[in-house]
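Have a look at the structure below, then the notes.
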Amino acid sequence: MSSSEIDILIELMAKLPGLGPRSARRAVLHLIRKRSILLGPLADAMQQVAETACECLNCGNVGTTEICEICASQKRATGELCVVEDVSDLWAMERAGVFGGRYHVLGGTLSALEGIGPDDLSIPRLIDRVATEEISEVILALNATVDGQTTAHYIAEQLESRVNLTTLAQGVPVGGELDYLDEGTISAALKARKPL
Ligand SMILES: [Zn+2]
Numbered sequence: 076m077s078s079s080e081i082d083i084l085i086e087l088m089a090k091l092p093g094l095g096p097r098s099a100r101r102a103v104l105h106l107i108r109k110r111s112i113l114l115g116p117l118a119d120a121m122q123q124v125a126e127t128a129c130e131c132l133n134c135g136n137v138g139t140t141e142i143c144e145i146c147a148s149q150k151r152a153t154g155e156l157c158v159v160e161d162v163s164d165l166w167a168m169e170r171a172g173v174f175g176g177r178y179h180v181l182g183g184t185l186s187a188l189e190g191i192g193p194d195d196l197s198i199p200r201l202i203d204r205v206a207t208e209e210i211s212e213v214i215l216a217l218n219a220t221v222d223g224q225t226t227a228h229y230i231a232e233q234l235e236s237r238v239n240l241t242t243l244a245q246g247v248p249v250g251g252e253l254d255y256l257d258e259g260t261i262s263a264a265l266k267a268r269k270p271l
C-alpha cells in the first residue's frame with residue numbers, strides 16, 4: 076500500500092458521520108495495525124454490503140433482500156403501521172423492541188425551505204399501502220421538529236377519514252430525533268401514544 080492509498084482511505088473515512096480528518100487518521104492507523112483481525116474482515120464486510128444492500132420495496136427499510144425481514148415476518152402484526160422519517164428511526168424503534176407491527180419510511184420530511192413536497196417522499200406509497208393493506212392503525216413517529224410536525228399534519232389530513240391515527244406521546248423532546256433517544260424513552264412514548 077503506498078501512502079497515497081492510505082490518504083485516500085483517510086479522506087473517505089473522514090466523510091463518515093461523526094468522524095473528521097483527525098479521528099479518520101487515528102481509525103485508519105488502528106485498522107492497519109489490526110490488519111488481520113479488523114481491517115481484513117471490515118473490508119470483506121463492506122464489500123458484501125456494497126453488493127447486497129438495498130431498500131425494501133414495501134417499507135423503505137435497508138436490508139439485503141427485496142422485501143425486508145420485518146415486512147416478510149409472519150410474526151409482525153400487519154394491522155399496525157409505524158411511520159418514521161428515516162431508516163435510523165426505524166432501527167431505533169427496533170432497538171427499543173416494543174413495537175410488534177410494521178413500518179413505513181418516508182425518506183425525510185416536507186420542507187418548504189428546501190422545496191421538498193409529498194411526491195419527493197414516500198407519502199403516495201403510504202397512502203397506497205393504507206388503501207390496499209389491512210391497516211387498522213397508523214402511528215406517526217415523526218421527530219418533534221417543525222418539519223417533522225408539518226409532515227405529520229399533512230399525512231393526518233390525507234389519512235384521517237381512512238384509518239385510526241395516533242402519535243407518539245410527548246416524551247419525545249423538542250427537536251429530538253428518535254435515533255438519539257434511549258430505548259426506555261421510545262418505549263414509554265409508544266405505550267402512551269394518543270389519538271391525533
Ligand atoms: Zn420492509
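Okay, so the sequence shown: first residue is 76 according to the working numbering, each after it adds one. By construction, the Cβ of each residue, glycine as well, lies at the ideal position given by its N, Cα and C atoms. Note that the coordinates shown come from a computational prediction; the quantities given were computed from them, not determined experimentally.
{"Query": "Cβ pair C146, G176 closer than 8 Å", "Result": "no"}
{"Query": "Residue environment, G190, which counts as buried when at least 16 other CB atoms sit within 10 Å", "Result": "exposed"}
{"Query": "Chain D within 8 Å of T207, Cβ atoms only", "Result": "Absent from the structure is chain D; it holds one protein chain and no more."}
{"Query": "As assigned by DSSP and simplified to three states, the class of L271", "Result": "coil"}
{"Query": "For L240, the residue or residues it bridges with in DSSP", "Result": "V213"}
{"Query": "One or two residues paired with E232 in a DSSP bridge", "Result": "Paired residues: none, contrary to the question."}
{"Query": "Residue(s) in a DSSP beta bridge with L156", "Result": "R177 and V213"}
{"Query": "For V124, the residue or residues it bridges with in DSSP", "Result": "Bridge partners of V124: none, in fact."}
{"Query": "Outcome for I198 when other beta-carbon atoms lying within 10 angstroms are tallied against a minimum of 16", "Result": "buried"}
{"Query": "Segment limits, alpha helix (DSSP H) that includes E17", "Result": "As shown, the chain starts at 76 and ends at 271. That puts residue 17 outside it, with no answer to give."}
{"Query": "Per-residue burial, A206 [other beta carbons within 10 Å of its own, 16 or more giving buried]", "Result": "exposed"}
{"Query": "beta-carbon N133 near ligand 2 non-hydrogen atom, thresh 7 Å", "Result": "This structure does not include ligand 2; its bound ligands are ligand 1."}
{"Query": "Heavy atom of ligand 1 within 7 Å of C146 beta-carbon", "Result": "yes"}
{"Query": "Start and end residues, alpha helix (DSSP H) containing T260", "Result": "E258 to K266"}
{"Query": "Any non-hydrogen atom of ligand 1 closer than 7 Å to N136 Cβ", "Result": "yes"}
{"Query": "V103 beta carbon less than 8 Å from that of M88", "Result": "yes"}
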